[in-house]
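In the working numbering, the protein residues as written are 36 to 515.
We put the CB at the ideal spot given by N, CA and C, even for glycine.
Input: a single structure, listed below in structure tokens.
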RNA sequence: GCACCCAUCGACUAGAGGCCUAGGUCGUCACCCUUUCACGGUGAAAACACGGGUUCGAAUCCCGUUGGGUGUACCA
């Protein structure tokens with residue numbers, strides 16, 4: 036690897052949301068730059084007018100910021116190599132295309148999409164490999180002039196050598212050799228005047244002085260075209276590092292329809308950026324030891340491209356949940372309360388009373404994978420009176436033993452001090468000693484009286500959160 | 001079809017010729033803790049795709065097979 040300080044970039048298309056695979060690519064670029072004291076650039080690749088989504092670029096930047104990935108140069112940040120939005124760089128691409136044309140390294144193609152499609156179909160029917168047949172490659176200058184004078188639309192294609200081979204080096208995969216005759220004459224400039232990814236990417240990476248192209252493996256098959264372009268321009272190509280893909284459970288490329296793929300989806304479900312970043316960082320990379328919990332800074336300390344694996348990684352939400360649970364319980368009480376606030380309010384808790392909100396949420400911190408998990412535990416806090424659902428439950432609480440337990444509990448609960456889960460549990464112990472009732476016969480009546488349910492949080496927690504007054508009130512209600 | 005990439009437990013992975021009777025984590029199961037649920041603790045089941053080489057010795061190197069993936073657009 037070179038010793039120069041790296042300049043890397045994350046270059047998403049503004050077509051909607053940030054894909055979790057994109058997040059990981061962005062993260063690896065970010066970590067690589069941080070690790071080596073380099074620069075990360077955000078570049079918006081909006082050369083496809085058809086797929087462009089208004090506001091998507093801003094949303095992308097916002098989501099990246101949420102994830103804690105901060106760039107050094109970019110559309111909103113500025114920098115010496117702008118503009119950082121490709122649609123604002125049209126003249127630059129045009130100039131470079133002109134140069135390729137002048138040097139006979141590219142040619143104009145007047146084939147219409149219909150003609151190309153027909154040709155493709157014919158090739159498939161004849162069981163030949165579909166590829167551009169190169170008919171416009173042979174047009175003479177006169178012909179080209181006439182068609183241009185007629186105002187015929189055209190694209191510009193890369194003039195790939197007919198024979199020979201090309202070798203490229205990938206930091207993750209090693210040396211790769213490709214025969215020229217398997218490479219199509221790629222369109223570089225579309226008939227609408229916008230460049231394709233291949234051209235824009237190479238030109239921008241060069242002009243922005245990118246040293247390492249770290250991107251998804253789906254780009255590996257087109258990398259030879261990019262390398263050829265660098266050669267045609269007479270530029271040194273950057274280092275390439277093609278990351279293994281993120282996969283669905285069936286090992287196909289991670290896609291919508293088989294689960295959530297948008298970072299925004301996970302954010303909305305209450306996944307913490309720390310957890311998502313930590314999880315995604317370990318999908319295709321590992322530190323070489325058994326550590327799994329990493330802060331962003333720790334990742335930046337340890338990250339290295341040569342510990343990136345080659346095989347694709349399945350995105351397993353179960354493990355993500357585990358990470359989230361770890362981070363959730365480590366959160367300061369105020370922040371956890373904040374995240375749980377909607378469900379607290381739904382359960383009738385006044386979240387403006389921050390002490391109360393924190394008391395409730397911290398009681399359940401260990402129960403949560405995502406904040407919404409708190410909801411089912413909050414039922415007993417409802418102000419509605421307890422109504423037992425079954426005859427069995429009513430019978431359980433009407434039993435003579437149960438009456439004695441409730442009475443003894445009420446008496447002692449009136450004056451223990453302070454009122455918290457420990458003292459309450461100790462108090463229940465003494466109720467057991469006093470009444471001689473134990474096990475289910477002891478706890479079930481209390482649980483039913485206080486929460487109306489057979490299952491739920493620890494009785495100490497229930498009584499503590501209910502508070503002494505409401506606890507006594509519920510016991511009284513059950514004793515009739 | 002063709003090109004390229006890849007191949008260790010269900011999942012993420014450690015492993016760069018002997019340390020491997022293959023380790024860790026998630027998940028699963030069992031037991032313990034516990035009135036219950038969760039947490040936590042302990043433990044278990046669970047993998048080197050296959051076939052040839054090379055070597056005293058292969059999960060590790062080479063070749064082939066098989067399997068999977070990506071690409072094959074005037075999308076990125």
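Exclusion of the five residues before and after residue 494 leaves 459, 460, 463, 478, 481, 482 and 485 as the residues of its chain whose Cβ lies within less than 8 angstroms of its Cβ.
Inter-residue distance for residue 290 and residue 298 is about 13 angstroms (C-alpha atoms, whole angstroms). Pairing residue 234 with residue 242 gives a Cβ-Cβ distance that is not under 9 angstroms. Going by DSSP, residue 190 is part of the beta strand (DSSP E) stretching over 190-193.
Between residue 250 and residue 46, the gap from beta carbon to beta carbon is short of 9 angstroms. With a cut-off of 8 angstroms on Cβ pairs, the region 397-417 is in contact with the region 359-373, counting three or more such pairs. The C-beta distance from residue 441 to residue 514 rounds to 5 angstroms, short enough to fall under 8 angstroms. In terms of Cα proximity to residue 281, the closest of 261, 253 and 388 is 253. By alpha-carbon distance to residue 150, the top candidate from 141, 138, 130 and 171 is 171. At the C-beta level, residue 110 and residue 96 come within 9 angstroms of one another. Note on residue 239: 16 or more other CB atoms within 10 angstroms of its CB, so buried under the neighbour-count rule.
Put simply, the region 42-60 touches the region 306-317. At least three CB pairs are less than 8 angstroms apart. Two segments are said to touch when three or more pairs of C-beta atoms, one from each, lie closer than 8 angstroms; by this definition the region 75-89 does not touch the region 136-150. Of the candidates 211, 54, 141 and 321, the residue whose Cα lies closest to the Cα of residue 173 is 141. Judged by pairs of C-beta atoms under 8 angstroms, the region 328-335 does not touch the region 269-288, as fewer than three such pairs exist. At a Cβ-Cβ threshold of 9 angstroms, residue 208 and residue 135 do not count as neighbours.
Beta-bridge partners of residue 60 (DSSP): none assigned. Looking from the CA of residue 305, the closest CA among 376, 248, 505 and 285 belongs to 376. Less than 9 angstroms separates the beta-carbon of residue 88 from that of residue 51. The shortest C-alpha to C-alpha distance from residue 92 to any of 79, 488 and 210 is the one to 79. Per the C-alpha coordinates, the member of 397, 348 and 356 positioned closest to residue 368 is 397. No residue range can be given for residue 471, since it is assigned to no alpha helix (DSSP H) and is classified by DSSP as neither H nor E. Counting the other CB atoms within 10 Å of its CB gives residue 448 a total of 16 or more, which places it among the buried residues. Put simply, the backbone Cα of residue 321 is about 7 angstroms away from that of residue 343. Excluding sequence positions up to five before and after residue 423, its CB lies within less than 8 angstroms of the CB of 429, 432, 483 and 487, all in the same chain and listed in chain order.
Close CB contacts of residue 39 within its chain, under the 7 angstroms cut and outside five residues either way in sequence, are with 246 (chain order). DSSP places residue 414 within a helical segment (H, G or I) once states are collapsed to three.
Per the coordinates, the alpha-carbon of residue 184 lies some 10 angstroms from the alpha-carbon of residue 177. For the pair residue 501 and residue 415, the CB atoms are nearer than the 9 angstroms cut-off. Per DSSP, residue 296 is not a residue of any alpha helix (DSSP H), being assigned neither H nor E.
For residue 45, the three-state secondary structure derived from DSSP is strand. Residue 264 and residue 400 have their alpha carbons spaced roughly 55 angstroms apart.
Going by beta carbons, residue 144 and residue 220 fall inside the 9 angstroms limit. In the three-state scheme derived from DSSP, where H, G and I count as helix and E and B as strand, residue 144 is classed as strand. Going by DSSP, residue 380 is part of no beta strand (DSSP E) but of the alpha helix (DSSP H) stretching over 368-381. Bridge pairing for residue 108: 76 [DSSP].
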